[in-house]
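Numbering (the numbering used here), first residue to last: 11 to 312.
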């Protein structure tokens, strides 16, 4: 390993999602030295999640051939409202035991013995895309993270727009008045149609009514207990009718919400990430763009 001062500044980064935990070890030149991934716990409580975070980070350190104590610190992107000063998370309802305020930073610090800094998962992803990724070079864009839930953010004039603290929550934009029940309790939110968890709930209901699909057979074959992004991708590749129907429904909802956002803000670009967004890839991003454009043209013709 290069021992100059730039590359000795090793840091850990953890993405805590509703479906999976991913950890990286990077050096001061932003080079990835080690990575690991495991499923997010679906039961237990916040301490179980903190232990899973610690174990995933340790696995990444093994691949990087360093001890955890070699890291300068760890950053965690987590769902929910984050108080970075207090190290707490509020309202991350897709995680077990996170219904109230959770002191996640101190829990993880006790597990690994390092300083932990929390950030909202979509917020830190948006910053990374603006600086290093698909948003680089654009002064304004809307980001949407299509995964277990649907998160979002906005960059205006090169800076993340925070509003009063919750700007960019596109997942809770209403796309169908009095529509499907969202995990947040409201009706018709984008997340109720496009969130991976909501899509799975819908699939199970339709199967109970007699619809046929191989989604759950592929889930069991993969040895997982939920319809992961990988299961959805395989089902689409195999042209499973129910999977195609539900993803098509999700894409319509995403296009509706994003077209409205672009009409309102007149941004230069849309950046799509998240587990489903990344796994399904550019072809589906192009389909979302196509449906956005159709909707905008139809509106202009009225």
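By construction, the Cβ of each residue, glycine as well, lies at the ideal position given by its N, Cα and C atoms.
Quantities reported herein were computed from a predicted structural model and do not represent experimental measurements.
Buried or exposed (CB count within 10 angstroms, at least 16 for buried), residue i
i           : result
residue 250 : buried
residue 230 : exposed
residue 212 : buried
residue 182 : buried
residue 221 : exposed
residue 172 : exposed
residue 227 : exposed
residue 295 : buried
residue 141 : exposed
residue 281 : buried
residue 237 : buried
residue 244 : buried
residue 42  : exposed
residue 110 : exposed
Same chain, Cβ closer than 6 Å to residue i, neighbours up to 5 away in sequence not counted
i           : result
residue 271 : 152
residue 286 : 156, 157, 206 and 239
residue 186 : 198
residue 90  : 99, 100, 101 and 102
residue 48  : 31 and 66
residue 277 : 150, 151 and 152
residue 12  : Low per-residue confidence applies at residue 12: pLDDT is 46, beneath 50, and the placement is therefore not dependable, though the value from the model is reported in the following sentence. Closer than 6 Å at Cβ, skipping near neighbours: no residue.
residue 148 : 278 and 279
Reduced DSSP category for residue i - H, G, I as helix; E, B as strand; rest coil
i           : result
residue 109 : coil
residue 231 : helix
residue 74  : helix
residue 264 : helix
residue 88  : strand
residue 26  : strand
residue 98  : strand
residue 93  : strand
residue 219 : coil
residue 196 : coil
residue 214 : helix
residue 259 : helix
residue 191 : strand
residue 207 : helix
residue 68  : helix
For residue j and residue i, believed in contact at Cβ under 8 Å, the rounded distance
i           : j           : result
residue 126 : residue 97  : 7 Å
residue 64  : residue 31  : Residue 64 to residue 31, Cβ: 10 Å. No contact.
residue 33  : residue 23  : 7 Å
residue 279 : residue 133 : Contact flag wrong, Cβ pair sits at about 18 Å.
residue 92  : residue 99  : 6 Å
residue 103 : residue 26  : In fact, because the Cβ distance is near 14 Å, the residues do not count as touching under 8 Å.
residue 94  : residue 128 : 6 Å
residue 150 : residue 136 : Actually they do not touch by this definition, with Cβ atoms about 12 Å apart.
residue 163 : residue 178 : 4 Å
residue 78  : residue 122 : 5 Å
residue 56  : residue 114 : 7 Å
residue 252 : residue 225 : 7 Å
Close Cβ partners of residue i (< 7 Å) along its chain, the five nearest in sequence each way excluded
i           : result
residue 184 : 198 and 199
residue 261 : 294, 297, 298 and 301
residue 292 : none
Test: residue i CB closer than 9 Å to a CB of chain E
i           : result
residue 167 : Checking the listed chains, one finds no chain E in this structure; it contains a single protein chain.
Cutoff 8 Å; reference residue i; Cβ partners in own chain excluding five residues on either side
i           : result
residue 45  : 32, 33, 34, 35, 70 and 73
residue 180 : 152, 154, 160, 161, 162, 200, 267, 268 and 271
residue 106 : 51, 52, 53, 54, 55, 56, 58 and 59
Which runs of the alpha helix (DSSP H) spanning at least 4 residues fall entirely within the region 119 to 188, listed in chain order? Runs of the alpha helix (DSSP H) inside the region 119 to 188: 131 to 142.
To test your reading of the DSSP string, which unbroken beta strand (DSSP E) runs of 3 or more residues are found completely within the region 277 to 310? Correct list: 279 to 283.
Sequence ranges, beta strand (DSSP E) only - wholly within the region 30 to 64, length at least 3: As far as the region 30 to 64 is concerned, its whole beta strand (DSSP E) runs of at least 3 residues are 30 to 36 and 42 to 49.
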